[in-house]
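Novice: As you go down the protein sequences, you meet chains A and B in turn.
With the working numbering, the residue at position 122 of the first sequence is 132, and numbering never jumps.
With the working numbering, the residue at position 10 of the second sequence is 233, and numbering never jumps.
Here a beta-carbon is modelled for each residue, glycine too, at the ideal position from N, C-alpha and C.
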Amino acid sequence: MVDLLWQTRAFIYSHFADTTHPPSVDVTAAHFDISTEEASEYYKELHNRHAFFLEPNTLTIRMANPFSGIPTDFKVHANGKTYFANCAWDMLGIPAALHCDAVIDAVCTESDETILLEIKNGELTQSPITNHQLLVHFPLPFARWYDDLVFT
Amino acid sequence: MLLFQSEELIDKWCKRNNLKRGEILTIQQVWDLSKLWYHNRLSVDFHGRSVEQVAEVFKQAGLKSKFWYV
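1. Buried or exposed, going by whether 16 or more other CB atoms sit within 10 Å of the CB of N75 of chain A?
2. Between which two residues does the beta strand (DSSP E) carrying T135 of chain A extend?
3. Compute the distance between the beta-carbons of A98 of chain A and V253 of chain B, then report whether it is under 8 angstroms.
4. Should the stretch 111-122 of chain A be regarded as contacting the stretch 54-63 of chain A, the criterion being three or more beta carbon pairs within less than 8 angstroms?
5. What's the C-alpha gap between E48 of chain A and A39 of chain A?
6. Could you tell me which chain A residues have their CB closer than 8 angstroms to the CB of E267 of chain B, listed as they occur along the chain?
7. Go ahead and label K85 of chain A buried or exposed: buried means 16 or more other beta carbons lie within 10 angstroms of its beta carbon, across all protein chains shown.
8. Using DSSP bridges, identify the partner residues of S78 of chain A.
9. Tell me where the beta strand (DSSP E) around H87 of chain A begins and ends.
10. So T124 of chain A is in the beta strand (DSSP E); what residue range does that whole segment cover?
11. Quick one, are the C-beta atoms of H25 of chain A and G79 of chain A less than 8 angstroms apart?
12. Assess, as a yes-or-no matter, whether the stretch 258-272 of chain B is touched by the stretch 229-237 of chain B under the definition of 3 or more beta carbon pairs within less than 8 angstroms.
13. Below 8 angstroms between beta carbons: does that hold for E123 of chain A and Q228 of chain B?
14. Any idea if L242 of chain B is buried or exposed, counting beta-carbon neighbours within 10 angstroms, 16 or more meaning buried?
15. Report the rounded CA-to-CA distance for H147 of chain A versus S266 of chain B, giving the unit in angstroms.
16. Nearest by alpha-carbon distance to I250 of chain B: which of A:L69, A:A88, A:L134 is it?
17. Quick check on the DSSP output: the beta strand (DSSP E) that includes G246 of chain B runs from which residue to which?
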């Protein structure tokens, strides 16, 4: 069971990377040729272990960091696809996880400006259309990140 | 974690949301942290991190303040 639990996690991440969205429990069950009930138990267990995060009281994956299961203000264009990241950190986490070049467009809080970033050959460059020094605000210390992950 | 164009805008957002200012990193610092944090996320062998491993990532990223204590 333990092996299949972690294989389920790996499948979900692979599915995100390939398609930009998470697999449903039914898709995962079919992939491993197991029952939906068994796949559901793996989803719940992996959620409890913080391997990814489900929408409350559902089996829908909201976050498998750095990937977001829902649209956000942080878009990452990579490998011919557009991914949504959970936050300003995760928008950089996607090219880091995929080990690829990427163009990121993201909305800055308060100013509402859209900025462009590029990751190329492992280096970060900022679009010349803005002279601002971009900053990321971490509102909570690490010890409290999992209190409310959506807020974090 | 949200993206801002100045510390003044961060303070404005914190005040409006009645929150204390947290930790602020430059976008380059976050890229460096991302590479350390996420480089092996798609590996079949990644099963999460121990407290010690998290502390080591923060140390390698140069994040040493109390904010990053695990």
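Specialist: Working from what's here:
1. buried
2. 133-136
3. yes
4. no
5. 8 angstroms
6. According to the sequence as given, residue 267 of chain B is Val; it is not Glu. In chain order: W16, Q17, A20.
7. buried
8. A:M73
9. 84-88
10. 124-130
11. no
12. no
13. yes
14. exposed
15. 28 angstroms
16. A:L134
17. It is Glu, not Gly, that sits at residue 246 of chain B in the sequence shown. Note, E246 of chain B: beta strand (DSSP E), 246-249.
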